[in-house]
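K.L.:
Dropping a structure here in structure tokens format, bear with me for questions.
Laid out in structure tokens, this is it:
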């Protein structure tokens, strides 16, 4: 598989909105559903990093990340924001079904570590209800530690993970 991971600037992201939105929606409930492309635009405007994976010229995956101090107000982001002064929060990773379990998640994380600047903690949440077993396995295998859990009023729950990368 010939895959390239590129960091996409906010100015370039509009070129990929339709593909990112479609892939996001194909990956629910593992990632949160987005109402429409405007919702995605707002999310990307609050992000600090957008990594996109391409197989030839087709988008096959993406990762959206925020740093501390973002205007992003998700409860999951705020969980980390209230505990840490400096971090990279992975809001979502979506990978097209035919390309899962082929090392693309590891490539995303390796690229994130390469471009992280001086931030030394990567954090994320993974659905525990409904259970996202592949993601939980991936994070445990890659030495992320559980740092919290939360059950939401709508019945879903998440496990919080973090990894020190110094």
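Residue numbers (full-length UniProt numbering): 1 to 166.
Every residue, glycine too, gets a C-beta built ideally from N, C-alpha and C.
Could you give the distance in angstroms between the alpha-carbon of residue 51 and the alpha-carbon of residue 154?
P.N.:
Distance between the alpha carbons of residue 51 and residue 154: 30 Å.
K.L.:
For residue 121, which of 107, 56, 2, 67 has the nearest alpha-carbon?
P.N.:
If we check each option's Cα against that of residue 121, 67 comes out closest.
K.L.:
Sort 162, 156, 151 by Cα distance to residue 145 and report the nearest one.
P.N.:
Of the candidates 162, 156, 151, the one whose C-alpha sits nearest the C-alpha of residue 145 is 162.
K.L.:
I need the DSSP call for residue 91, collapsed to helix, strand or coil.
P.N.:
Residue 91 falls in the strand class under three-state DSSP.
K.L.:
DSSP three-state call for residue 161: helix, strand or coil?
P.N.:
Reduced to three states, the DSSP call for residue 161 is strand.
K.L.:
What are the boundary residues of the beta strand (DSSP E) that residue 64 is part of?
P.N.:
First-last of the beta strand (DSSP E) with residue 64: 58-67.
K.L.:
Can you tell me which of the three DSSP states residue 117 falls into?
P.N.:
Three-state DSSP puts residue 117 in coil, outside helix and strand.
K.L.:
Residues bridged to residue 6 by DSSP?
P.N.:
Its beta-bridge partners are 52.
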